[in-house]
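Asks:
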Amino acid sequence: AQSVTQPDIHITVSEGASLELRCNYSYGATPYLFWYVQSPGQGLQLLLKYFSGDTLVQGIKGFEAEFKRSQSSFNLRKPSVHWSDAAEYFCAVEGRGAQKLVFGQGTRLTINP
Amino acid sequence: DTGVSQDPRHKITKRGQNVTFRCDPISEHNRLYWYRQTLGQGPEFLTYFQNEAQLEKSRLLSDRFSAERPKGSFSTLEIQRTEQGDSAMYLCASSLALAGGHGELFFGEGSRLTVL
Numbered sequence: 001a002q003s004v005t006q007p008d009i010h011i012t013v014s015e016g017a018s019l020e021l022r023c024n025y026s027y028g029a030t031p032y033l034f035w036y037v038q039s040p041g042q043g044l045q046l047l048l049k050y051f052s053g054d055t056l057v058q059g060i061k062g063f064e065a066e067f068k069r070s071q072s073s074f075n076l077r078k079p080s081v082h083w084s085d086a087a088e089y090f091c092a093v094e095g096r097g098a099q100k101l102v103f104g105q106g107t108r109l110t111i112n113p
Numbered sequence: 001d002t003g004v005s006q007d008p009r010h011k012i013t014k015r016g017q018n019v020t021f022r023c024d025p026i027s028e029h030n031r032l033y034w035y036r037q038t039l040g041q042g043p044e045f046l047t048y049f050q051n052e053a054q055l056e057k058s059r060l061l062s063d064r065f066s067a068e069r070p071k072g073s074f075s076t077l078e079i080q081r082t083e084q085g086d087s088a089m090y091l092c093a094s095s096l097a098l099a100g101g102h103g104e105l106f107f108g109e110g111s112r113l114t115v116l
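So the sequence lines, in the order shown, correspond to chains A and B. If you're matching positions, the first sequence starts at 1 in this note's numbering and goes up one per residue. If you're matching positions, the second sequence starts at 1 in this note's numbering and goes up one per residue.
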């Protein structure tokens, strides 16, 4: 069955520290890959996406993600987090031709001052 | 504001009542999606429209749920005979997808349903 797994339900990091959020997927073929962020009272916002080509993709707000086919992973990273990065982060995939996103259960990020 | 708008933002109802949510997508977008999100979970796909045609429905969408997009613009999601398990955030998203390709989804802020 097609699935997306975010192993970490909640992560706490200190402001200025680096961040990595994990995402693994199970699909027959490499799907399209996405990371979204959801802040309280806000709609989901797209941070970045991978369709093909360079496996390291840059997104908004200083985020990047690396696609690793051998590990079926698409981990999100940021070198130095800011207090405003506190939010819920969702990895999502779309099977090629599927026309809909399948989301992971999310990782809640807390920033310590 | 030219984003996706949803109404109402919050609805509290008693079990057994009917509720309807409205979504106004970004005006030039041809696709419209409905997702449901429960506490601590990621959004789950319910259904999507390409213009006015409903092209896919999830098995999550029981026969108590119906969605329409009559003129290919706004959409409504109706839940009949609500149950406590229907309590969730209902998210709408729209996209401009060309020639069957992927278009970036833009999400609204959601309509939160509480069934007492």
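All C-beta atoms, glycine included, are put in the ideal place defined by N, C-alpha and C. Given the structure is predicted, the values throughout are model-derived calculations rather than measurements.
#1: Using a C-beta cutoff of 7 Å, does F65 of chain B count as contacting chain D?
#2: In this structure, how does DSSP classify K68 of chain A when only helix, strand and coil are distinguished?
#3: Shortest alpha-carbon distance to I11 of chain A belongs to which of A:S3, A:R77, A:L101 and A:K49?
#4: Please state the DSSP three-state secondary structure of I26 of chain B.
#5: Could you tell me the alpha carbon to alpha carbon distance between E94 of chain A and L33 of chain A, rounded to whole angstroms?
#6: Within the same chain, show all residues whose beta-carbon is closer than 7 Å to that of F23 of chain B, passing over the 5 residues directly before and after it, in chain order.
#7: Helix, strand or coil for D85 of chain A? Go by DSSP, reduced to three states.
#8: Might you give, ordered along the chain, the residues of its own chain that have their beta carbon closer than 6 Å to the beta carbon of K11 of chain B, omitting 5 neighbours on each side?
#9: How far does the beta strand (DSSP E) with N75 of chain A in it extend, from its first residue to its last?
#10: Express the C-alpha separation of S26 of chain A and S3 of chain A in angstroms, rounding to a whole number.
#11: Using C-beta distances below 7 Å, list every residue in its chain close to E68 of chain B, excluding the 5 sequence neighbours before and after it, in chain order.
#12: Since Q37 of chain B is in the beta strand (DSSP E), which residue starts that stretch and which ends it?
#13: Taking all protein chains shown into account, decide if Q71 of chain A is buried (16 or more other Cβ within 10 angstroms of its Cβ) or exposed.
Replies: So, from the data block:
#1: The structure shown contains no chain D; its protein chains are A and B.
#2: Start at 1 with the first residue of the first sequence, and residue 68 of chain A comes out as number 68. Correct three-state label for K68 of chain A: strand.
#3: Here residue 11 of chain A corresponds to residue number 11 of the first sequence, with the count starting at 1. When A:S3, A:R77, A:L101 and A:K49 are compared, the shortest CA-CA separation from I11 of chain A is found for A:R77.
#4: The residue you call residue 26 of chain B lines up with position 26 of the second sequence. The answer is coil: DSSP assigns I26 of chain B none of H, G, I, E or B.
#5: Within the first sequence, numbered from 1, the residue matching residue 94 of chain A stands at position 94. Within the first sequence, numbered from 1, the residue matching residue 33 of chain A stands at position 33. The alpha-carbon atoms of E94 of chain A and L33 of chain A are separated by roughly 7 Å.
#6: As a working mapping, residue 23 of chain B is identified with position 23 in the second sequence. Looking at the sequence itself, residue 23 of chain B is Cys, so the reference to Phe does not match. Answer for C23 of chain B: V4, Q6, L32, F74, S75, C92 and G108, listed in chain order.
#7: Along the first sequence, read from residue 1 onward, the residue named residue 85 of chain A stands at position 85. Three-state result, D85 of chain A: helix.
#8: As a position in the second sequence, residue 11 of chain B is number 11, starting the count at 1. For K11 of chain B, the CB contacts under 6 Å within the same chain, skipping 5 residues up- and downstream, are V19 and L113 in chain order.
#9: Counted from its first residue, the first sequence places residue 75 of chain A at position 75. If you look at N75 of chain A, you'll find it in the beta strand (DSSP E) that goes S73 to K78.
#10: For this step, residue 3 of chain A is matched to residue 3 along the first sequence. For this step, residue 26 of chain A is matched to residue 26 along the first sequence. When the Cα atoms are used, S3 of chain A and S26 of chain A turn out to be separated by approximately 5 Å.
#11: Start at 1 with the first residue of the second sequence, and residue 68 of chain B comes out as number 68. Here E68 of chain B has S75 and T76 as same chain residues with Cβ atoms under 7 Å from its own Cβ, once five neighbours each way along the sequence are excluded.
#12: As a first step, residue 37 of chain B is located in the second sequence; it is residue number 37 there, counting from the start. It spans R31 to Q37 - the beta strand (DSSP E) in which Q37 of chain B sits, taken as one unbroken run.
#13: Residue 71 of chain A sits at position 71 when you count from the first residue of the first sequence. Counting C-beta atoms within 10 angstroms of its own C-beta, Q71 of chain A has fewer than 16 neighbours from the protein chains shown and is therefore classed as exposed.
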